[in-house]
Amino acid sequence: MAAPRRPSPAPDGPGADERVVELARRVGGVLAELGLSEIEVEAAGLRVRVLRTPPAPAPAAAGAASASAELEAVPRPVVSDAATPGLVTMEAPMVGTFYRASAPAAAPYVNEGDVVKEGQILCIIEAMKLMNEIESRVAGRVVKILVENAQPVEYGQPLFLIEPQG
Amino acid sequence: MAAPRRPSPAPDGPGADERVVELARRVGGVLAELGLSEIEVEAAGLRVRVLRTPPAPAPAAAGAASASAELEAVPRPVVSDAATPGLVTMEAPMVGTFYRASAPAAAPYVNEGDVVKEGQILCIIEAMKLMNEIESRVAGRVVKILVENAQPVEYGQPLFLIEPQG
Amino acid sequence: MFHKILIANRGEIALRILRTCREMGIRTVVAHSTADAQSLPVRLADESICVGPASPQASYLNIASIISAAVVTDSDAVHPGYGFLAENPNFADICRACGLTFIGPAPEAIRLMGDKAQARVIARQAGVPVVPGSELPLKDENEAVEAAEGAGFPVMFKAAAGGGGRGMRIVRGRAEVPQAFAACQAEAGAAFGSSEIYCEKFIEAARHVEVQVLGDRNGMRVHLGERDCSVQRRHQKLIEESPAPSLSAETRSGLHKAALAAAAAVNYVSAGTVEFLVDADTGHFYFIEMNTRIQVEHPVTEAVTGLDLIREQIRIAAGEPLGFRQEAVRLDGHAIECRVNAEDPETFAPSAGRVTAWIPPGGFGVRVDSHLMAPYAVPPFYDSLLAKVIVHGRDRAEAIERMRRALVETRVEGIKTTIPFHLRVLADAAFVEGRFSSIDGARLTAG
Amino acid sequence: MFHKILIANRGEIALRILRTCREMGIRTVVAHSTADAQSLPVRLADESICVGPASPQASYLNIASIISAAVVTDSDAVHPGYGFLAENPNFADICRACGLTFIGPAPEAIRLMGDKAQARVIARQAGVPVVPGSELPLKDENEAVEAAEGAGFPVMFKAAAGGGGRGMRIVRGRAEVPQAFAACQAEAGAAFGSSEIYCEKFIEAARHVEVQVLGDRNGMRVHLGERDCSVQRRHQKLIEESPAPSLSAETRSGLHKAALAAAAAVNYVSAGTVEFLVDADTGHFYFIEMNTRIQVEHPVTEAVTGLDLIREQIRIAAGEPLGFRQEAVRLDGHAIECRVNAEDPETFAPSAGRVTAWIPPGGFGVRVDSHLMAPYAVPPFYDSLLAKVIVHGRDRAEAIERMRRALVETRVEGIKTTIPFHLRVLADAAFVEGRFSSIDGARLTAG
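Chains as they are written, first to last, in the numbering used here: chain A, 43 to 208; chain G, 43 to 208; chain L, 13 to 459; chain U, 13 to 459.
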């Protein structure tokens, strides 16, 4: 029977963090020592990248390890808070159909630019014939309405961007 | 039969950190020495990337060239020269059975500690009933004999470590 | 035929259903929780819709949310898979009320078979032998003693609303009754919302054998042979095979007939499974319960029959006739399934975490049903099934060898799995010779 | 039975052989080049041995090295797979001389069938129809003209030692002969070391159909039905299926009988394939050549017969009798194979590089034979086959739908593959209706 050989790199185990911090410290030392401007290093595949930009910086600069965050998922088309700093996103708390008004002929609860109070009704989500009134969780100005009237929405789908006030 | 399976390359083994730090130091030295602005190196896949940005910052005035050589191969399980700096590894040039002497009763061609000349016979590899005499490609001292007599060897398997002399 | 099916499930079974829908040209909507938003079924579906947060109660068990999702996506049918809402008759009722086809049996059949004590009565009335014991829920300790003595010790107390091995307790003598009765009642109440329990004879050298049935809306029903699911740990199946080894021809055909009789008693439509205990010593068998849904282990039946059971479920739900008779069902060769769970193979403790490498097995006679990819973070909210490896061979010996080599070549890194357990069982003499009766955890029992 | 087999190949076929060896309890040694030292077959083998550097000449084609590897590892047999040394009669001779069993036919049969002109003579003498044309290599331009006019234009000039579609040239009229003759001779010499060429009639609406045969050392032979391999690009097969669609019962049984006759003419032992052109208009068929090895596309035959052809090869090589007669061979359902190559799906230029993600398809009726893993650097030294996806259905329509969904769910990232080509063919009306004759590259020709 085949010896259980490990397939390729995957130094993900515990201790990996200690190792990478220690590695960053030591590589930073090499950078300072040699007056370089950049070292990239990868332990698993033995990868090294060394850089020195034309105006060599002061050799005393300490090496700062830059943590790289990895998100290995296929990005989904979602208006994220990160993209609109300072704004609050109101998300659908349930699956259903989004309505901007209480009835087809009625005026919309809110329009873009309106100032709303905390707890003010923003829209209705119809689910299983029930009309669920969705209230604003902040006071502020409605910057953007992200869903068209009478469209289906999923749980967590962004509906409104609101700029908090007061 | 013990197949000539060598220990896996273990790029992520315990010695990998030492190796990659040492590699960074050495590559950094090359960078400084040559007045380059960038070296990318990958030991496992034999990847080299050498860069020097047009306004050469270093006093060296050689023509600004950007050479990029890339050869991706799978890492080979080899007792690397890097791991034993200054030593030359003699590898099996063919598959077969390794013999240290010309006949069962004869004295071995070489022993550990012996000084050998370039072209001197180190061993025999028997393949398809043919006795292939394997010659040293350097002059030096035999530091280590890595394979037992009458053992099978695979292509590229390290046989001797030799410290070059003269 | 349906235009679009909403899949109200996750993991390998969501992918399983999606695959057949795609082959049938039916669009799919995978309803998922936030925790599964990047899962393989969601990626591969034609559409997906988030129905709630990670907690199953708020998403996969959230009837309002699932129904709304089906409505707003214009789905015309819902496939519940197994677990979650698959055996919830209220959900099936609501689907019907909302004009959605529930892909499964009628709510009435789910309700009748869902009550385990009532199911026993139905089976007995249909002439199907049941394990001796109480027909009705036990009212109190006295009834429990009476029932246990009637069946003869050892007996088992079981939650009427239970399933999946939970809420069960072996009682070996009269002295144990009071404490076991109280404990089992409490457990049943906590786990299933009903503290009704009943009592049945416990068979020491028992094999767990179940028969797959299919019924259409015209009252046509066939069986697709049986599966042996005796290799379990804590009453959870780990290895299943078809046909069941070491059954006499008489026992085998008796099981098939009994299963059809039980199914007929509730006018069963769709795919269902009738579960039996077989006494390894005598060959006598006893009805335990009927599962009114597709089973995790359905692929072993697919392997030996060549039939796609999900396709049959969908066709039947759409009102199509079965289209073949019992005589046309050919059982060919031998199939085994191993469940690769994210669990410690010794303690069976869950091993949720991050899968860093996944190399599934392949080649001749090997099928893999899995939502795994690498990297993949196994969410801690749901069950631990990562992959089903199914092999098919000309006979049982070939299937065992094939499963061994398939599991030896499988790589799952980053978490622990049940593969080492499976390899131990596959190398066990009692298993290889088909002599095993029940196998619980690492303990193998020759029957 | 053998104790240990040396596998003198790489990629998916090395893995394929290894899997069957493991199921049979035979130890494996994978002989590999330095470029494949970390490959999946090497990792999964019981043992591995490096036989040379990346260049195939110095490793996989290096007879001395392969033989030494078998000797020093105490192997008792060598499986050559396909390509490399599989049809080299000298290698088979040397194996025999060194006391190693070559898993394949006798060197004599390889030699006889390896010379394409001689193979035609053998077939004709056995009563098997051959494509009209020259029996013997063409000496000069005059003989070429004479042969071409005898067969009737259009004709094809082919290298006697050729194969895999190389060294072939279609000639549509007398005026084209001189240039075509010279060019084809030069190409044959350069590619195969022999500039001998012959001439045969070119059939416009031709289907490429081949018959799988098995023969044992007792002279028992069976066929395992036929495969249609008409979907090609630059004469390289890309999609294969079994049974061949749109053949009359008469043509089909004629092909089977002819294949057995050709095999009998060389006392064929082991698995072999007799290739024919079938005129789509008339149903007439013509012998082209016999491949004296396992074929890439053997899994479609395994799917419809339930037989493991590698196991049969090994059993036969070990001297075991076939053990079943023609009547016992049952052909069940329909199977299709798509070759997923590392190639641009438009230009078919090789796309070697780094595979960064690999999610194989799975589920009911899907088999994957692949040495892929992620990450994996596709070496530029060898052929471009990455994975074979094989599906099995009850009929051709079901198999096509299943293949479509399997390829849609397959993910190979980092390099280009032929999957988009396959999906185009699977959606093409001529292919779906089985009306195609030959399909070259992206051009589909209704026959």
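Every residue, glycine too, gets a C-beta built ideally from N, C-alpha and C.
Against chain U, which members of the segment 161-186 of chain G pass a CB distance test of less than 7 angstroms?
169 and 170
Taking the C-alpha atoms as reference points, what is the distance between residue 186(A) and residue 155(A)?
The alpha-carbon atoms of residue 186(A) and residue 155(A) are separated by roughly 8 angstroms.
According to the neighbour-count rule (16 or more other Cβ atoms, all chains shown, within 10 Å of its Cβ), is residue 480(L) buried or exposed?
One cannot answer for residue 480(L) here, as it falls past the ends of chain L, which runs 13 to 459.
Count the other CB atoms within 10 Å of the CB of residue 305(U); is the residue buried (16 or more) or exposed (fewer)?
buried
At the level of alpha carbons, what is the spacing between residue 244(U) and residue 172(U)?
21 angstroms
Please return the same chain residues whose Cβ sits closer than 6 angstroms to the Cβ of residue 372(L), not counting the five positions on each side in sequence.
Result list for residue 372(L): 380, in chain order.
So with CB distances below 8 angstroms, who are the chain A contacts of residue 201(G)?
The premise fails here: residue 201(G) is roughly 24 angstroms from chain A at the closest Cβ pair, so nothing lies under 8 angstroms.
Roughly how many whole angstroms lie between the Cα atoms of residue 107(G) and residue 362(U)?
Confidence is the limiting factor: at residue 107(G) the pLDDT is only 31, short of 50, which leaves the residue's position unreliable, though a coordinate-based value still follows. Computed Cα separation, rounded: 30 angstroms.
Would residue 197(A) pass as an interface residue toward chain L - the criterion being a Cβ-Cβ separation below 8 angstroms?
For residue 197(A), the answer is yes, since a Cβ of chain L falls inside 8 angstroms of its Cβ.
Distance cutoff 8 angstroms, beta carbons only. Does residue 46(U) sit that close to anything in chain G?
At least one chain G Cβ lies under 8 angstroms of residue 46(U).
Per DSSP, what kind of secondary structure is residue 13(U) in: helix, strand or coil?
coil
Helix, strand or coil for residue 110(U) per DSSP?
Coil.
Taking the C-alpha atoms as reference points, what is the distance between residue 27(U) and residue 418(L)?
12 angstroms
With a threshold of 16 other CB atoms inside 10 Å of the CB of residue 172(A), please say whether the residue is buried or exposed.
Around the C-beta of residue 172(A), fewer than 16 other C-beta atoms lie within 10 Å, and the residue is accordingly described as exposed.
Counting along the chain, where does the beta strand (DSSP E) carrying residue 138(G) start and finish?
138-141 is the span of the beta strand (DSSP E), which, as asked, contains residue 138(G).
Among residues of its own chain, excluding the 5 on either side of residue 72(U), which ones have a beta-carbon nearer than 6 angstroms to its beta-carbon?
Counting only Cβ-Cβ distances below 6 angstroms, and skipping sequence neighbours, we find 96.
Buried or exposed for residue 240(U), going by 16 or more other Cβ atoms inside 10 Å?
buried
Find the residues of chain L that neighbour residue 311(U), judging by a C-beta separation of less than 8 angstroms, and give them in chain order.
376
From 294(U), 325(U) and 431(U), pick the residue whose C-alpha is nearest to that of residue 227(U); which is it?
325(U)
Could you please give me the residues that DSSP links to residue 240(U) through a beta bridge?
221(U) and 253(U)
I'd like to know if residue 282(L) contacts chain U, where contact means its C-beta is closer than 8 angstroms to some C-beta of that chain.
no
List, from N- to C-terminal side, the alpha helix (DSSP H) runs of 4 residues or more that fit wholly inside the segment 100-184 of chain L.
101-109, 119-126, 128-137 and 153-163
Is the segment 250-269 of chain L touching the segment 284-299 of chain L in the sense that three or more CB pairs, one from each, lie closer than 8 angstroms?
A contact exists between the segment 284-299 of chain L and the segment 250-269 of chain L.
Starting from residue 271(U) and walking both ways along the beta strand (DSSP E), at which residues does that stretch end?
Careful: residue 271(U) lies outside any beta strand (DSSP E), inside the alpha helix (DSSP H) at 261-277.
On the DSSP letters alone, give me the boundaries of the alpha helix (DSSP H) that residue 84(L) sits inside.
75-84
Tell me where the alpha helix (DSSP H) around residue 311(L) begins and ends.
310-317
Would residue 447(L) and residue 435(L) be called neighbours here (beta carbons separated by less than 8 angstroms)?
no
What residue range is occupied by the uninterrupted beta strand (DSSP E) comprising residue 379(L)?
378-382 is the span of the beta strand (DSSP E), which, as asked, contains residue 379(L).
Return no unless some Cβ of chain U is closer than 8 angstroms to the Cβ of residue 380(L).
Closer than 8 angstroms to some Cβ of chain U, the Cβ of residue 380(L) qualifies, so yes.
Opposite residue 13(A) in the DSSP bridges: which residues?
With chain A running from 43 to 208 in the structure shown, residue 13(A) is simply not present.
To the nearest angstrom, report how far apart residue 290(U) and residue 271(U) are at their CA atoms.
Their Cα atoms are separated by approximately 13 angstroms.
Check each residue of the segment 294-310 of chain L: if its Cβ is closer than 7 angstroms to any Cβ of chain U, include it; give the result in chain order.
none
If you compare alpha carbons, which of 391(U), 386(U), 332(U) and 374(U) is closest to residue 365(U)?
391(U)
What are the complete beta strand (DSSP E) segments, minimum 3 residues, inside the segment 42-66 of chain U?
Segments of the beta strand (DSSP E) lying fully in the segment 42-66 of chain U: 59-64.
How far does the beta strand (DSSP E) with residue 302(L) in it reach, from first residue to last?
Taken as a continuous stretch (DSSP letters only), the beta strand (DSSP E) holding residue 302(L) covers 297-303.
How about residue 405(L) and residue 346(L): are their beta carbons less than 8 angstroms apart?
Yes, Cβ-Cβ distance for residue 405(L) and residue 346(L) is below 8 angstroms.
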